[in-house]
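Here is the structure we will look at, set down as structure tokens.
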Amino acid sequence: MTAGVFPPGDYDVVVVGSGPGGLQTSYFLSRLGVRHAVVSADDAPGGMFRKWPIFQRLLSWSKPDAPFARDSREYEWYDHNSLLADEPELRALVPGFMDRSWAVPSRPEMEQGLTAFAERAGVAVRYGCRWESTRREEDGRLVLATSDGEYRCRAAVFALGVTEPWKSPIPGIEDVPHYAETGDPASYRGKRVLVIGKRNSGFEIADGLLPWAQRVTLVSPRPADTSVIALASVRVRYLQPLEDRALGGGTYVLDAAIERIERTATCFRVVAQGTTRAGEYELEYDAALAATGFRTPLGDLEQLGVRTVAQGRIPALTPLFEAAGAPGVFFAGNATQGAAGLRKRGVGSSSPAVQGFRYNARVLAEHLAEQLGVRPRPRRRLAADEVVPFLASELASAPELWAQKGYLCSVVGLDGPFDDGIQPLERFVDAGGADAVAVTVELDAAGEIFPGVYVRRDGRIREAELDPHPLSAFDGDPYRRELASLVGLP
Amino acid sequence: MIDAAVLSRLALFADLQAPQLQAVAELMDEASFPRDTRVLRSGISGGGFYVITDGEASVRIDGRDRVRFHPGDFFGELSILTGDPVVADIVAVSEELRCAVLPEHRLRPLLLDYPHLGLRMLEAMARRLRATTLWSE
């Protein structure tokens, strides 16, 4: 759907972007009855998955078979890549395209899943419509100028991904191509290749070039943390270059801070200082790639008051994904990592990945529907003796809690009682209000998973961390007894 | 990740050489808090180690502001080193408060890797303890 859809004009909400963040937000806004437009500079759905990852394999799992039926809510935890839907037939679309050669989809399989979602869920987008600038009118409304004309709205949701190539400030790095400019693997045949960066994209390139390059060297100041890598989805890409390094196969992983890079007629000359081991390195490479990450393409939004973190790469957001300093400017998708949450135990959110931000999109849509006076957040009544079994069941299998550990919580209002839905934990802890209880699934740096319980009485929060369980059976009797004692209900 | 140039302006990191500073900067995140938001919360466990890079924060106990923190000051270390929940709210009191944040499990290894950083921290904590002792006498 393109021409004729969402012509320029007045809307309650305008969503910019047609990647998974934009599609998911529009889907929930539609289900909640919020009048909105979706515009995208692309000509088809999928966002970054239309071209990246470069080596065509994702990092996050979708398990075609799991302990729960594919159209169930619980299955979502086993499928990190599909978008969410209320209708069973629209759920879990990505596994349906997978050929099962890996437990993680290929890039084309992911793109097919997103395209199918947009088509089958009827998510309309005005494609080929580029957002160009933004201003605020005197009445507080936002105006988005686009290549097709102006859109006025009460709230704008920017779902632009973290997709603009970004390079760390190293003298000479401007001559080094970015990850996004990686050439055909065959063009690196027999070459000595320098990869700057040891995060996902650095190891993805190192792995992808193993069959081609003569030698690959990864450089960044910090060592790659193998104990973390073993538990993270990035293991798919990390382990082979590390094994190659360990066995002396021609891959090197240097912990060094690069002082400068010089491009000569024939090579890249690099001067670096060791960090974990002191010493100066002077190295020559035939090719170099900066796997130094991306930033959110913010356009002129900083002039509207949007603040940033992570060296200007990510917008700083409130727990409900609104830009601090720019009311009415919201973000969806990968950029929601700018709402960092409580950072308990040093564990961040899963918001940089589809599995995490798809739930943020539902929280955001419900918040916008309520804020715009379209529909209050749904609150399902519970009988007093249903509260503890409900909370225990949420701890055991709510995909929101498992995907966004220590970040999203399931809330029950005790004055009712009623199911108060999924909320950001930071908001629950800070917002105050009537007596309520929130449960989270939490994780510590050692990889231990345990339930967190937050009881709010008379405006004060009491935190309790329950013991881990070897089978994560958080709906068992010991947990129910502890929950009952904490909330004072049977 | 935070820009090493931001850390280089802070006394806590003054003894680190440029490559070490870059390695430390890779471990830390950058956080921004609007006025009146809480950075750490009384009674909640598992927070991080925060160093203010811009703006001001206040130690708030039972609604009363007790101590004001400025750029270069740090907080969160007591809860991490004792393993107990945070004992006071830390609240942003400037239009924007910006901090460098270290995940809690990384503080001990950092102090062992860079003893000069630990010494700087100890000196600052000693000054704080002396101020508290004089104040309570």
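These protein sequences, in sequence, are chains A and B.
With the first letter of the first sequence counted as 1, position 257 gets the number 251 in this note's numbering; the numbers rise by one all the way through.
Heads up: take any position in the second sequence, counting from 1, add 5, and you land on this note's numbering.
Every residue, glycine too, gets a C-beta built ideally from N, C-alpha and C.
Predicted model, so just to flag it, every value in this text is computed and none were measured.
Next on the checklist: Strictly below 8 Å CB to CB, what residues from chain B border SER214 of chain A?
Outcome noted: GLU31
Next on the checklist: Residues of chain A with CB closer than 8 Å to the CB of SER37 of chain B, please, in chain order.
Outcome noted: ARG301, THR302, VAL303, ALA310, ALA318
Checklist entry - What do you get for VAL92 of chain B, buried or exposed, if any count of 16 or more other CB atoms within 10 angstroms of its CB means buried? => result exposed
Checklist entry - List, in order along the chain, the chain B residues whose C-beta lies closer than 8 Å to that of LYS338 of chain A? => result ILE49, SER50, GLY51, GLY52
Item to check | Other residues of its chain near ARG40 of chain B: CB distance less than 7 Å, five sequence neighbours each side excluded | outcome: ALA97, VAL98, SER99, GLU100
Item to check | Cβ neighbour criterion (16 or more within 10 Å) applied to GLU256 of chain A | outcome: exposed
Next on the checklist: Are the CB atoms of VAL247 of chain A and LYS192 of chain A within a distance shorter than 8 Å?
Outcome noted: yes
Checklist entry - Name the chain B residues that come within less than 8 Å of GLY268 of chain A, Cβ to Cβ? => result PRO24
Item to check | Alpha-carbon to alpha-carbon, ALA440 of chain A and MET130 of chain B | outcome: 29 Å
Next on the checklist: Cutting at 7 Å between CB atoms, please list the residues of its own chain near GLN331 of chain A, excluding the five before and the five after it.
Outcome noted: ILE308, SER343, SER345, PRO346
Next on the checklist: Please confirm whether GLU109 of chain B has its beta-carbon closer than 8 Å to some beta-carbon of chain A.
Outcome noted: yes
Checklist entry - Quick one: is PHE101 of chain B near chain A, going by C-beta distance under 8 Å? => result Sequence check: residue 101 of chain B is Glu here, not Phe. With 8 Å as the cut-off, GLU101 of chain B counts as an interface residue toward chain A.
Item to check | Spatial neighbours of MET(-5) of chain A in its chain, beta-carbon cut-off 7 Å, leaving aside the 5 residues before and after | outcome: Per-residue confidence for MET(-5) of chain A stands at a pLDDT of 46, beneath the threshold of 50, marking its modelled position as unreliable; the derived number appears in the next sentence. Correct list, in chain order: ALA118, VAL119.
Next on the checklist: Does ILE199 of chain A pass the burial test, meaning 16 or more other C-beta atoms within 10 Å, or should it be called exposed?
Outcome noted: buried
Checklist entry - How far does the alpha helix (DSSP H) with GLN267 of chain A in it reach, from first residue to last? => result Taken as a continuous stretch (DSSP letters only), GLN267 of chain A belongs to no alpha helix (DSSP H), being part of the beta strand (DSSP E) at 262 to 268.
Checklist entry - When you compare only the Cα positions, how much space is there between GLY367 of chain A and ASP133 of chain A? => result 18 Å
Item to check | Beta-carbon proximity list for GLY244 of chain A, same chain, < 6 Å, skipping 5 on both sides | outcome: ARG209
Item to check | Contacting residues, own chain, Cβ-Cβ under 7 Å from TRP160 of chain A (five flanking each side not counted) | outcome: THR286, GLY287, PHE288, ARG289, ARG307
Next on the checklist: Does the structure place the segment 377 to 396 of chain A close enough to the segment 427 to 437 of chain A that three or more beta carbon pairs sit under 8 Å?
Outcome noted: yes
Checklist entry - So, do the segment 25 to 43 of chain A and the segment 3 to 13 of chain A have three or more beta carbon pairs nearer to each other than 8 Å? => result yes
Checklist entry - Is the Cβ of ILE455 of chain A closer than 8 Å to any Cβ of chain B? => result yes
Next on the checklist: Determine, for ILE57 of chain B, whether the minimum Cβ-Cβ distance to residues of chain A falls below 8 Å.
Outcome noted: no
Item to check | Residues that DSSP places opposite GLN417 of chain A in a beta bridge | outcome: A:CYS403
Checklist entry - Where does GLN22 of chain B land, buried or exposed, given buried means 16+ other C-beta within 10 angstroms? => result exposed
Next on the checklist: Taking beta-carbon pairs under 8 Å, can you tell me which members of the segment 406 to 435 of chain A lie near chain B?
Outcome noted: VAL423, ASP424
Checklist entry - When the cut-off is 8 Å and only beta carbons count, does ARG125 of chain B lie next to chain A? => result no
Checklist entry - For the alpha helix (DSSP H) that ARG25 of chain A lies in, which residues bound it at each end? => result 14 to 25
Checklist entry - So TYR145 of chain A is in the alpha helix (DSSP H); what residue range does that whole segment cover? => result No alpha helix (DSSP H) contains TYR145 of chain A, which is instead part of the beta strand (DSSP E) from 143 to 152.
Next on the checklist: Taking the beta carbon of LYS399 of chain A as the centre, do at least 16 other beta carbons fall within 10 Å, making it buried, or is it exposed?
Outcome noted: buried
Checklist entry - Between the segment 69 to 87 of chain B and chain A, which residues of the former have CB atoms less than 7 Å from a CB of the latter, in chain order? => result none
Item to check | CB contact flag (ARG421 of chain A, LEU314 of chain A, <8 Å) | outcome: yes
Item to check | Cβ-based contacts, 7 Å cut-off: residues of the segment 438 to 451 of chain A near chain B | outcome: ALA439
Item to check | Element boundaries [alpha helix (DSSP H), containing ILE48 of chain A] | outcome: Taken as a continuous stretch (DSSP letters only), ILE48 of chain A belongs to no alpha helix (DSSP H), as it is neither H nor E.
Checklist entry - What's the gap between the Cα of GLY202 of chain A and the Cα of PRO179 of chain A? => result 7 Å
Checklist entry - Looking at LEU136 of chain A and VAL98 of chain A, is the spacing between their C-beta atoms short of 8 Å? => result no
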